[in-house]
Amino acid sequence: MNGLSKITASHRSRVAVVYLRQSTLVQVRDNTASTVRQYGLVDTAVELGWDRENVRVIDADLGVSGTFGADREGFRDLVAQVCLGEVGAIFGLEVSRLARSSADFARLLELARLTDALLVDADGVYDLADINDRLLLGLKGSMSECELHLLTGRLQGAKRAAAERGELRFPLPVGYVYDDEGVCVIDPDQEVQGAIRDVFAAFAAGGSAFQVVAAFVRRRFPLRA
Numbered sequence: 334m335n336g337l338s339k340i341t342a343s344h345r346s347r348v349a350v351v352y353l354r355q356s357t358l359v360q361v362r363d364n365t366a367s368t369v370r371q372y373g374l375v376d377t378a379v380e381l382g383w384d385r386e387n388v389r390v391i392d393a394d395l396g397v398s399g400t401f402g403a404d405r406e407g408f409r410d411l412v413a414q415v416c417l418g419e420v421g422a423i424f425g426l427e428v429s430r431l432a433r434s435s436a437d438f439a440r441l442l443e444l445a446r447l448t449d450a451l452l453v454d455a456d457g458v459y460d461l462a463d464i465n466d467r468l469l470l471g472l473k474g475s476m477s478e479c480e481l482h483l484l485t486g487r488l489q490g491a492k493r494a495a496a497e498r499g500e501l502r503f504p505l506p507v508g509y510v511y512d513d514e515g516v517c518v519i520d521p522d523q524e525v526q527g528a529i530r531d532v533f534a535a536f537a538a539g540g541s542a543f544q545v546v547a548a549f550v551r552r553r554f555p556l557r558a
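In our numbering, the protein residues as written are 334 to 558.
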């Protein structure tokens with residue numbers, strides 16, 4: 334790791350914050366290796382001289398898009414701690430991806446500069462008082478936002494193309510499926526049909542969703558894993 338000499342006793346006397354983020358719950362569920370690696374940054378901070386009890390983990394934004402910082406509880410918490418001068422270093426797998434918005438990222442960089450907080454990722458240690466580090470991180474942040482714009486454009490383009498071909502499909506509510514010709518039909522599974530009829534019958538009898546849940550709990554209605 335580059336730039337280890339930038340870490341001083343002053344930085345180690347304050348907390349190290351390990352900030353975790355993945356954009357969607359699907360990523361959290363399917364890409365567990367990334368989650369494990371991010372939690373592993375706690376050990377990295379300890380190896381770089383922080384006491385383990387002086388390392389804080391912020392993982393409230395797992396499964397939350399990084400497009401808007403105001404919508405992320407974890408990011409707001411991180412910014413607040415940096416503002417208070419409590420943070421000596423912020424750890425992330427790729428610090429340029431802390432925020433997908435250039436405005437949010439620039440604000441975090443400026444606050445880190447004012448409070449002498451370092452940013453640390455797999456590429457090295459960044460000191461925001463160093464103009465070269467600041468320029469490099471700013472460039473990485475802009476590229477990250479541009480990447481999001483390109484990905485969004487590609488996804489929307491693919492959806493439009495599928496719609497023009499008549500092949501655009503969206504997930505259907507429980508009880509409906511697409512047949513071999515792509516037509517939306519009632520699920521042929523008799524067990525599924527019976528379960529849905531039970532739901533509506535329980536609602537007609539109880540008059541509320543709460544009563545439906547209570548009735549199904551009493552009947553030990555099977556739940557999907």
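Every residue, glycine too, gets a C-beta built ideally from N, C-alpha and C. Quick caveat, the model's predicted, so the values are computed rather than measured.
In the three-state scheme derived from DSSP, where H, G and I count as helix and E and B as strand, I529 is classed as helix. Within the same chain, V545 come within 7 Å of V532 by CB-CB distance, once the 5 residues on both sides are set aside. Going by DSSP, V550 is part of the alpha helix (DSSP H) stretching over A542 to R551. The three-state reading of DSSP puts D392 in strand, counting E and B together. The DSSP-derived three-state label of N335 is strand. Taking C-beta separations shorter than 6 Å and ignoring five residues to either side along the sequence, the partners of G407 in its chain run I391, A393 and D394, following chain order.
For R354, the uninterrupted beta strand (DSSP E) run begins and ends at V348 to Q355, by DSSP.
About 11 Å separates the Cβ atoms of L468 and Y459, ruling out a contact at the 8 Å cut-off. Under a 10 Å Cβ-count criterion, Y352 is classified as buried, with 16 or more other Cβ atoms of the shown protein chains found around its own Cβ. Residue state for I464 is assigned as helix, using DSSP reduced to three classes.
The C-beta of G490 has fewer than 16 other C-beta atoms within 10 Å across all chains shown, which makes the residue exposed.
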